[in-house]
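S.K.: Encoded as structure tokens, here's the structure I'll be asking about.
Numbering (the working numbering), first residue to last: 21 to 988.
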């Protein structure tokens, strides 16, 4: 023990242990040859009762022929259109002939002369017109009807590429992420499953004679040259292609070695597929120990089925080549990431439809092929295109199986819930096995089905990881509930968690991330560069990065050189948002105005102390709704209404967005984002219960009795006062909605006192609390998840919930919608759908010496074009879940919303009212919540409880007005 306490012995010992660990880790993660051999393909197990599924559609037409004839319908030969904007073009964008423009709204129908009935694949030759930067979406109808689920959601890609051929650096020698711009071209695409659950194109059944096919525009415009009905021919096997090589005399090349950097991709299907900077290894190309270098592509952005990246390869000698990828798949343990490959627009052979990339923490080189030999690819002399696309491969039937299980288990959960409620009596035997006769059979069947998926995954990957843990836990619970049915009622919570876990599993496994450093196209036998660093290289890299962390400025974003006119802007959100904004500033604002911007990423709580110390910025971005007026009271925020063009600028927003920043005849901020509630509902469940979407609160009361009779619930928003970071409780959105719908107000006209003591306010408060006292609405609920499982089939929530459900609940896509909140019928017969909003803002600090320059920045930042670009870039970077809720009226219309959804959003937006911010106003939300909880928890009289707390609110408003020398 004394020896180990001696530092001269201990330090070398630590070094030896560290080096040994690195050597062992390196040996464990050394590159292995890629192999695509697996078990026999898993057969999906699907609920037969779903008559709208594609599987059922194929079963229905299983005996139909697959005619070899090809039918082409020219786009301009449509027989009917409904809507505006349809137009025929001649020789459009290099096309020889006519084509038809189909706008983002409306329907268009063609006649299809079918000589032989049967199943046909369908493909389309189209041109993606400039739109809102999202994929083109259409619903397909055959003879006026959607043939199966999935045909109502067909996506058509756009083509994207880097804006500049060369990577640009900032003045600190960091390479900047290249902006992605659309590069439209004519494309031919088959109709395929947008979820990736089916690897082959969809089949559509047509009877003999004249049939009709209709496209319903859901999002984005496109020009259609022709629609073709054909038979997809699967690629040959490699053995067959290998024999073709011999028959045609195509031989392997000698001495050829071509390296293509993956970040130099020519085309991509999505703007999220931008090149990345990776500093995980000194072997990435190019590399710098501390500076950012754009050196990889893919990662978490390249994970959705159907996304593809394409490279161009210049080949000097025609012949056979092997292809290798330097890749890293360190995000999907327990499953594998799958890709398919096309060369020059065709799949070279069958094996390229499914290429597995197994989990590995380190970079490694994968040569396409088997363990016995590499695959050889025929490349022509000159330019060749290699396209790599995300596909689910043999994971697809597993996902279809689990999705079917989730839907069936959710349906069974609702049946049980209708008997037990969501708070069952643990001492009561509900005799569920008798009252729901098929329950135990369903549990038994689903346990076997889910176990088969888990077993297949374990056998395929060779490990039992976290990806199968939720499957096994669900199986164990289902089997135990079959053995002990009397315990089912008291285990409903864990049952719901397990089923929710299956839904999360679907989303996780469906994502197939993969990062690429470079491609190597070479003659067989050519030696590949090493993929991973050795111990000395890695040690040098880690030490260099450690010392660089003391010298690099990671708070400043992009260029930091200051011009004669310059301002400092602080942003408190993530680095991704800051980098998008900085690139936008440098590209447009600085170049147009000559004003440089030092953009700094800072913690949210640093603005106040920095302002007090006179070290604050000129402009603060994305601040809370309560901040500007609180600063204005203390003479710390600049009054924007004094600028000459202020009134012109405010026309970009609705008055509801400006109102919270008005104070003492001034306006102290401009809104950036604005959020407001809408009504979400499950179409399938309301239809099952014979319920209509409520238009008024009277309709809601009628609906509640039906829902509660079936132990289902209606959701209203309630903030959790104990939530982390919830330091300022705003007025409850549900109460605000009821108050504004009855023409109530929060404050007196002079803002010297609360207006919540009015009869309108008291009635609204009483109506709000009755939802919880009389109707027993839940005080806390995870609405997205409970909506997902159907426990809360209807509810009112911020429209950002739309983004969450779209991304995180794919299994209920098409089963839900949103619309106007229920309204209050007024004396004049009008129905008021008023709601309140919440927002974030941008403001100028009063101590800024550059107010004119800062105002120019605010005008630029909140204008239509800037907000559109920022919103689209955010969605391109982070996906649909990050859709930007801009407060700019015109900009929101140009963000990639489906047309029908945007129209619903716009309709509700017209009913939005803002909540004023007043001195001491923070007491309003806090004490409104206190009064609410006294009524709900202590059963106090609503009028008396509210009156008690109004005194506290008025006292605080008076104290604050005295403190800041305002009339009181």
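We treat Cβ as the ideally placed atom computed from N, Cα and C, and that holds for glycine.
(1) Which class does residue 731 belong to by DSSP, given the choice of helix, strand or coil?
(2) Measure how close the beta-carbons of residue 551 and residue 561 come, nearest whole angstrom, since I'm counting them as under 8 Å.
(3) Look up residue 817 in the DSSP assignment and say whether it is helix, strand or coil.
(4) Excluding sequence positions up to five away, which residues of its chain have a Cβ less than 8 Å from the Cβ of residue 444?
(5) Can you tell me which of 563, 517, 936 and 697 puts its alpha carbon nearest to the alpha carbon of residue 684?
(6) Between the alpha carbons of residue 821 and residue 804, how many angstroms are there, rounded?
(7) What number of angstroms, rounded off, separates the C-alpha of residue 99 from the C-alpha of residue 109?
(8) Report the start-end ranges of each alpha helix (DSSP H) in the stretch 422-506 that is 4 residues or longer and not cut off at the edges.
(9) Beta carbon of residue 680, beta carbon of residue 737: below 8 Å?
(10) Helix, strand or coil for residue 978 per DSSP?
(11) Taking 8 Å as the cut-off, decide whether the C-beta atoms of residue 72 and residue 215 are in contact.
(12) Of all the options 389, 430 and 375, which has the alpha carbon lying nearest to the alpha carbon of residue 407?
(13) Which complete alpha helix (DSSP H) runs does the stretch 60-121 hold, if anything under 4 residues is left out?
(14) Which word fits residue 806, buried or exposed, when buried means at least 16 other C-beta atoms lie within 10 angstroms of its C-beta?
(15) If you draw a straight line from the alpha carbon of residue 769 to that of residue 938, how long is it in whole angstroms?
(16) Please check the pair residue 120 and residue 243, which I expect to be a contact at CB under 8 Å, by giving their CB distance rounded to whole angstroms.
(17) Thinking residue 534 and residue 357 are a contact (beta carbons under 8 Å), I'd like their distance in whole angstroms, please.
(18) Can you tell me where the beta strand (DSSP E) with residue 247 in it begins and where it stops?
(19) Answer with yes or no whether the minimum CB distance from residue 658 to chain B is below 8 Å.
(20) In terms of residues, what are the limits of the beta strand (DSSP E) holding residue 836?
(21) Taking three-plus beta-carbon pairs below 8 Å as touching, is the stretch 280-294 in contact with the stretch 323-342?
(22) Using a Cβ distance threshold of 8 Å, determine whether the stretch 427-436 contacts the stretch 782-797, with at least three qualifying pairs required.
(23) Here's the rule: buried if 16 or more other CB atoms are within 10 angstroms of the residue's CB, otherwise exposed. What is residue 624?
(24) Could you compute how far the alpha carbon of residue 373 sits from the alpha carbon of residue 620?
(25) In angstroms, rounded to a whole number, what distance separates the CA positions of residue 504 and residue 492?
(26) Helix, strand or coil: which one does DSSP assign to residue 990?
(27) Nearest by alpha-carbon distance to residue 377: which of 423, 323, 604 and 403 is it?
(28) Does DSSP put residue 525 in a helix, in a strand, or in coil?
(29) What's the C-alpha gap between residue 93 and residue 284?
(30) Check each candidate in 915, 899 and 702 and name the one with the smallest Cα separation from residue 814.
(31) Decide if residue 758 is buried, meaning its Cβ has at least 16 other Cβ atoms within 10 Å, or exposed.
(32) Using DSSP's beta-bridge definition, name the partner residues of residue 397.
(33) Could you pull the start and end residues of the beta strand (DSSP E) that residue 143 belongs to?
(34) Return helix, strand or coil for residue 952, following the three-state DSSP convention.
(35) Going straight from the alpha carbon of residue 124 to that of residue 203, what length do you get?
(36) Residues in its own chain within less than 7 Å of residue 184 by CB, not counting five upstream and five downstream?
M.R.: In short, the structure shows the following:
(1) coil
(2) Wrong, their Cβ atoms sit about 15 Å apart, outside the cutoff.
(3) strand
(4) 450, 509, 510 and 512
(5) 936
(6) 7 Å
(7) 16 Å
(8) 452-455, 459-481 and 486-503
(9) no
(10) helix
(11) no
(12) 375
(13) 74-80
(14) buried
(15) 11 Å
(16) 7 Å
(17) 5 Å
(18) 242-250
(19) As a matter of chain content, chain B is missing from the structure shown, which is built from one protein chain.
(20) 836-839
(21) yes
(22) no
(23) exposed
(24) 46 Å
(25) 18 Å
(26) There is no way to answer for residue 990, as the model of the chain reaches only from 21 to 988.
(27) 323
(28) helix
(29) 38 Å
(30) 702
(31) buried
(32) 341
(33) 138-148
(34) helix
(35) 19 Å
(36) 198
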